[in-house]
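Note sheet for the following structure.
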Amino acid sequence: MYVQQVENFLKSKIGEMIKSGALPQEAGEIPVIADKPKEKSHGDYSTNFALIAAKKLKRKPLEVASELISGLRPLPDYIEDARIEGAGFVNFNISRKGLFDLIDRIIDNPEDYGRCNEGNEEKFQVEFVSANPVGPLHVGHGRWAALGDSLASLLSAAGYNVSREFYLNDRGTQMEIFARSIDARSMQREDPAYPFPEDGYQGSYIIELAEILRKKFGNELGRKPLEERLSILGEAGYEYMRDQIKTTLENMGVRFDVWKSERDIYNDGWVKKAVESLKAAGVTYEEEGALWFDAERFGDRRPSVLIRSNGEPTYFTVDIAYHMEKFSRGFDHVLNLWGADHGGHVKRLHGALSALGIDPGRLEVLLGQMVNLKRGGEPVRMSKRSGEMVTFSELLEEVGKDAARFLFLTKSANSTLDFDIEAAVAKNLENPVYYVQYAHARLCSLFSMAEKEGIKIENFGGISLEPLREPGEMDLLRHMETFPFVVRESARGRAPHHLTHYLAELASYFHSFYNHYRILGTEESLRDARLKLCRALKTVISNCSSFLGVNMPEKM
RNA sequence: GCGCCCAUAGCUCAGUUGGAUAGAGCAGCUGCCUUCUAAGCAGCGGGUCAGGGGUUCGAGUCCCUUUGGGCGCGCCA
0 MYVQQVENFL KSKIGEMIKS GALPQEAGEI PVIADKPKEK SHGDYSTNFA LIAAKKLKRK
60 PLEVASELIS GLRPLPDYIE DARIEGAGFV NFNISRKGLF DLIDRIIDNP EDYGRCNEGN
120 EEKFQVEFVS ANPVGPLHVG HGRWAALGDS LASLLSAAGY NVSREFYLND RGTQMEIFAR
180 SIDARSMQRE DPAYPFPEDG YQGSYIIELA EILRKKFGNE LGRKPLEERL SILGEAGYEY
240 MRDQIKTTLE NMGVRFDVWK SERDIYNDGW VKKAVESLKA AGVTYEEEGA LWFDAERFGD
300 RRPSVLIRSN GEPTYFTVDI AYHMEKFSRG FDHVLNLWGA DHGGHVKRLH GALSALGIDP
360 GRLEVLLGQM VNLKRGGEPV RMSKRSGEMV TFSELLEEVG KDAARFLFLT KSANSTLDFD
420 IEAAVAKNLE NPVYYVQYAH ARLCSLFSMA EKEGIKIENF GGISLEPLRE PGEMDLLRHM
480 ETFPFVVRES ARGRAPHHLT HYLAELASYF HSFYNHYRIL GTEESLRDAR LKLCRALKTV
540 ISNCSSFLGV NMPEKM
């Protein structure tokens with residue numbers, strides 16, 4: 000909570016020192032950062048300003064540091080002391096008063112704790128999952144769902160105005176293959192020799208879907224001409240898959256603000272507009288009857304086809320059109336979460352955007368690496384060819400939403416993730432979810448026990464925290480203080496996995512505190528102070544887990 | 001062959017974007033329940049940060065390179 004204050008304090012004091020001549024003009028170019036040292040003895044916050052300044056000004060770091068310290072005084076009341084340590088770091092501790100004020104602020108405005116307005120209400124779109132509606136979600140989609148949703152919550156907590164979007168590829172080649180696959184399975188019911196398309200979708204879900212649709216439309220459908228069958232089955236199959244995807248995501252606790260249809264991009268003329276604009280920008284050429292985008296001019300390794308020789312635009316072209324349309328909606332910033340298998344498309348899309356005069360820096364693409372499913376350490380075989388794989392919906396059912404979300408978010412997005420189903424359902428410490436949830440359940444039970452004993456605190460504001468003197472209490476408090484820092488850094492780094500690690504640490508400080516000190520049954524002022532601390536802690540756990548989309552049970 | 005990602009304790013992973021003595025959990029060993037949830041706590045051991053070079057006050061983090069693994073390199077999406 001004090002990150003921003005400490006940083007602003009340093010900036011303004013250093014500014015004054017430059018104005019008064021205590022520091023030379025060049026010092027103004029040095030970034031002023033309040034860091035969180037990993038080593039506890041180095042204080043709650045630290046700045047390396049003197050080290051960087053010394054280099055730039057060709058002076059001794061310790062001298063600059065001591066001048067900095069005298070320039071900083073008098074210190075605000077939330078800072079305990081400022082001292083020089085190591086090669087020239089200036090370290091600070093937050094004072095008791097600072098920490099106690101923090102608790103009061105958490106209790107007064109619980110839902111605000113952790114939030115900041117770094118985003119300045121800028122319009123920010125997060126597009127994620129966007130799975131093709133021609134089959135069930137796979138486990139990787141589950142990971143993007145957890146990541147995207149949590150990232151969106153995090154960015155919203157950091158002060159961005161966030162919109163969650165799912166893009167539906169509801170036209171084009173794969174929809175046709177999808178329709179032909181269902182039709183073939185349907186026809187095979189009466190004629191087992193009916194040919195299945197070579198590039199058709201092999202999964203058994205197609206057979207089930209054919210069965211469902213056959214019931215819906217009756218056997219006479221099979222006697223209609225192929226074109227009509229394809230149109231009916233394709234459309235109904237699409238709606239069925241789309242709804243199933245929606246349901247699975249809802250079971251995961253993920254809701255989208257916008258489901259954008261590719262058909263609309265097409266019908267609203269964006270594809271035409273994209274092609275014409277690229278042509279006008281002079282970045283296209285024709286060859287062998289196709290229209291190409293000269294992606295090499297934008298650092299990509301090869302050109303890309305925009306319009307095939309059969310007159311149809313490629314997926315790439317529609318994607319360009321979609322992104323033109325996105326920016327036309329006024330988003331300042333767009334973040335796409337793509338699977339690593341799409342990594343090769345980033346450069347050319349950025350290239351196309353800059354050709355269209357849209358700053359490619361406004362489109363950020365986060366590549367999520369793949370998920371390896373395991374069961375008891377053994378890899379779960381997943382064959383894409385046969386289409387027989389564990390779907391995300393099945394996984395969700397087996398391990399539950401909270402464990403799935405938490406575990407998907409324990410690792411950084413650009414590492415492949417091993418997801419062990421056995422460990423995920425284990426009710427032991429191999430499973431960090433339970434460790435954290437247990438802390439929350441203990442807190443809840445503590446308050447209900449207090450109530451049973453007739454201790455009911457209506458007004459936490461009136462309770463003094465002065466009786467808190469134990470190191471375990473201070474450690475817990477200090478860790479609660481770092482939460483807004485973690486939120487800010489996770490939002491900046493697009494790295495929600497910091498939150499799961501933070502929660503586990505916070506739970507650890509609590510379990511330790513809980514084992515060391517009694518709360519109920521101690522002298523009244525101490526008891527109430529500890530209850531107040533616990534109340535604030537519960538808020539921090541709730542806020543953090545809500546950014547992860549993980550529920551905290553009251554009882555376990 | 002080229003591009004992106006990864007390699008940290010026996011295992012699964014962090015490491016706050018270049019900071020201070022590299023951290024957790026699991027697994028192993030030892031203690032702690034007549035009192036608020038033992039799904040917990042306290043303690044012990046465990047490392048050439050894949051190898052090599054470089055940049056600088058300072059590198060697990062940045063650059064080059066080698067090795068090993070994942071993903072991608074269609075007028076498919």
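Per numbering that gives the first Met the number 0, residue 0 is the first one in the first sequence, and the count goes up by one each step. Note that CB positions come from ideal geometry on N, CA and C, so glycine has one too.
### Task
Identify every run of the beta strand (DSSP E) within the region 100-166, keeping only runs that are complete inside it and at least 3 residues long; order them along the chain.
For the region 100-166, the full-length beta strand (DSSP E) segments reaching 3 residues or more read 122-126 along the chain.
### Query
So, Arg529 versus Ile106, is the Cβ gap smaller than 8 Å?
No; because the gap between Cβ atoms is not below 8 Å, this pair is not in contact.
### Query
Exposed or buried, Lys259, counting other C-beta atoms within 10 Å across all chains shown (16 or more means buried)?
buried
### Message
At the level of alpha carbons, what is the spacing between Val2 and Tyr77?
### Response
11 Å
### Message
Please report the straight-line C-alpha distance between Lys554 and Asp190, rounded to a whole angstrom.
### Response
Cα-Cα distance, rounded: 57 Å.
### Query
What are the boundary residues of the beta strand (DSSP E) that Val364 is part of?
362-367
### Top-ranked residue by Cα proximity to Met479, from Arg491, Ala494, Leu498
Leu498
### Message
Excluding the 5 residues flanking Asn119 on each side, which residues of the same chain have their C-beta closer than 7 Å to its C-beta?
### Response
Gly158
### Task
Would you mind sorting Ala279 into buried or exposed? The rule is 16 or more other CB atoms within 10 Å of its CB.
exposed
### Task
Given a cut-off of 8 Å, decide if Ala320 and Lys272 are closer than it, judged by their beta-carbon atoms.
At the C-beta level, Lys272 and Ala320 come within 8 Å of one another.
### Task
Could you spell out where the alpha helix (DSSP H) holding Ile176 opens and where it closes?
172-187
### Task
Let me know if Arg179 comes out buried or exposed under the rule of 16 or more other beta-carbons within 10 Å of its beta-carbon.
buried
### Rounded distance between the beta-carbons of Val138 and Val432, thought under 8 Å
Contact doesn't hold; Cβ gap of about 17 Å is too wide.
### Query
Hey, how far is the Cα of Asn131 from the Cα of His140?
Asn131 and His140: Cα-Cα distance of roughly 11 Å.
### Query
How big is the Cα-Cα spacing for Asp358 and Val125?
17 Å
### For Tyr1, three-class secondary structure by DSSP
coil
### Query
If we ignore side chains and look at the alpha-carbon of each, how far apart do Arg441 and Leu505 end up?
The C-alpha of Leu505 is placed about 14 Å away from the C-alpha of Arg441.
### Query
Thinking C-beta only, is Leu532 closer than 8 Å to Glu472?
yes
### Message
Classify Pro436: buried if its beta carbon has 16 or more other beta carbons within 10 angstroms, exposed otherwise.
### Response
In the sequence under discussion, the amino acid at residue 436 is Gln, which differs from the Pro named in the question. By the neighbour-count rule (16 or more Cβ atoms within 10 Å), Gln436 is buried.
### Query
Assuming Lys400 and Asn250 make a contact with CB atoms under 8 Å, what is their CB distance in whole Å?
6 Å
### Query
What three-state label does DSSP hand Gly460 in the structure shown?
helix
### Query
Would you call Ser149 buried or exposed, if buried means 16 or more other Cβ atoms sit within 10 Å of its Cβ?
buried
### Task
Could you give the DSSP three-state label for Ser260: helix, strand or coil?
strand
### Query
Are the CB atoms of Ser129 and Phe177 nearer to each other than 8 Å?
no
### Task
Please determine if the region 198-207 and the region 167-177 are in contact, where contact requires at least 3 C-beta pairs separated by less than 8 Å.
With the cut-off at 8 Å, the region 198-207 and the region 167-177 touch.
### Message
Please state the DSSP three-state secondary structure of Asp417.
### Response
strand
### Query
Per the contact definition of three or more C-beta pairs closer than 8 Å, is the region 323-337 in contact with the region 294-304?
no
### Query
Is Leu355 near Ser276, with beta carbons less than 8 Å apart?
Yes.
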